[in-house]
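Only one structure is covered here, and it is reproduced in the block below.
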Amino acid sequence: MLHRAVALTAFCLVSCGSPPPPATTAPTATAAPPPAAPTATAEPAPVEDAGSTAATPETPPPEEDTSGSPRERLMRAHFKETAVIRKAVIDGALAATVKPAAALESMKGLGTVQGSWKPSLDALGKAAKRFGQSPDLPSATAAIADIGVACGSCHKAAGGPKLQVEAPPVAGKTLEDRMKRHAWASERLWEGLYVPSDAAWKAGADALVGEEFPKEVLAKGGVHARSAAVRFGALVPTAAAKKSAGDRAKLYAELLETCSACHMAARGK
Numbered sequence: 004m005l006h007r008a009v010a011l012t013a014f015c016l017v018s019c020g021s022p023p024p025p026a027t028t029a030p031t032a033t034a035a036p037p038p039a040a041p042t043a044t045a046e047p048a049p050v051e052d053a054g055s056t057a058a059t060p061e062t063p064p065p066e067e068d069t070s071g072s073p074r075e076r077l078m079r080a081h082f083k084e085t086a087v088i089r090k091a092v093i094d095g096a097l098a099a100t101v102k103p104a105a106a107l108e109s110m111k112g113l114g115t116v117q118g119s120w121k122p123s124l125d126a127l128g129k130a131a132k133r134f135g136q137s138p139d140l141p142s143a144t145a146a147i148a149d150i151g152v153a154c155g156s157c158h159k160a161a162g163g164p165k166l167q168v169e170a171p172p173v174a175g176k177t178l179e180d181r182m183k184r185h186a187w188a189s190e191r192l193w194e195g196l197y198v199p200s201d202a203a204w205k206a207g208a209d210a211l212v213g214e215e216f217p218k219e220v221l222a223k224g225g226v227h228a229r230s231a232a233v234r235f236g237a238l239v240p241t242a243a244a245k246k247s248a249g250d251r252a253k254l255y256a257e258l259l260e261t262c263s264a265c266h267m268a269a270r271g272k
């Protein structure tokens, strides 16, 4: 069962929210899947934690997963890289996207691939390369959305991964409850692009309808946070009607802009 949490609008707030239950199986999220199309049965670690792999004086670095073929190991690495890039974009930390994007662009170790995968791999490489070209926020959000589409195109051709979407977190009254629901919804939208999954896209879009930014967050973020909230409110009702990969990518990028703008406003940057 897939439960990944990435903040959409909620990412204006989700950094302090609790992530959903951890996953048990990580699906392939790069443009080139393993030789056999995987079947995803659980969500990888939430994006909020995706960048927290650096060692600290108290904590040794995590051991690298060396299981599987070289191609499978590369796919796992690329999945983590996209998670780090998305979190950095949502946080408004564009400089932090450059290193993982360069790694994502590299296809070293992939080996020989089917000819039908090449257009998707080329699109993935071009989108990842844009992060090293000093993009502004709209360009960065468009690039991560295009990465999702490139991954989805290759996955679709290869017949995987597969997923099943569970019910969203309840629409509670507390800030934590709201952030869990927002984060859950944004993750489903991402799955709508990279899996790709109509069911995940619809679930994410439906979960965001009627959700509002908490007043205390808007007060802290000032006019820029309020502007992001207004834009978010105008975008969300249109999400479910988006059917093509291109239309979904455009909407997803615009929603990530509101997340990043609100994050930066709330932090006073």
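The letter at position 90 of the sequence shown is residue 93 when you use our numbering, and the numbering goes up by one with no holes. Heads up, the beta-carbon is just placed ideally off N, CA and C, and yes, glycines get one too.
CB of residue i within 8 Å of CB of residue j, strictly
i    : j    : result
V168 : A145 : no
V358 : V239 : Absent from the model: residue 358. The displayed extent of the chain is 4 to 272, so no value can be given.
S189 : G207 : yes
E260 : L97  : no
S263 : G151 : no
P217 : L258 : no
G249 : L196 : no
A228 : A268 : yes
W187 : P172 : yes
C157 : S123 : yes
A143 : T100 : yes
D125 : A252 : no
Buried or exposed (CB count within 10 angstroms, at least 16 for buried), residue i
i    : result
V92  : buried
A293 : As displayed, the chain neither begins before 4 nor continues past 272, which places residue 293 out of reach and without an answer.
G224 : buried
R133 : buried
V198 : buried
W120 : buried
A161 : buried
Test: residue i CB closer than 8 Å to a CB of chain D
i   : result
M78 : Although the question refers to chain D, the structure presented lacks it and comprises just one protein chain.
Under the three-state DSSP convention, the category residue i falls into
i    : result
T241 : helix
L258 : helix
A173 : Here residue 173 is Val; the residue named in the question, Ala, does not match the sequence. Reduced to three states, the DSSP call for V173 is coil.
T115 : coil
A96  : coil
R270 : coil
E194 : helix
S263 : helix
K246 : coil
E215 : coil
G162 : coil
M110 : coil
D209 : helix
G71  : coil
G54  : Bear in mind that the predicted position of G54 carries a pLDDT of just 37, short of 50, making it unreliable; the figure below should be weighed with that in mind. Coil at G54, not helix or strand.
D125 : helix
D139 : coil
P199 : coil
For residue j and residue i, the rounded distance between their alpha carbons
i    : j    : result
K183 : L113 : 36 Å
G128 : A174 : 38 Å
R181 : E214 : 8 Å
K159 : H185 : 27 Å
G236 : A153 : 28 Å
H266 : Q136 : 23 Å
I147 : V116 : 23 Å
P103 : A243 : 31 Å
K176 : A170 : 18 Å
G118 : K245 : 29 Å
A106 : K90  : 16 Å
L77  : P138 : 26 Å
W204 : R270 : 30 Å
R234 : D209 : 17 Å
S200 : T241 : 17 Å
G163 : S72  : 17 Å
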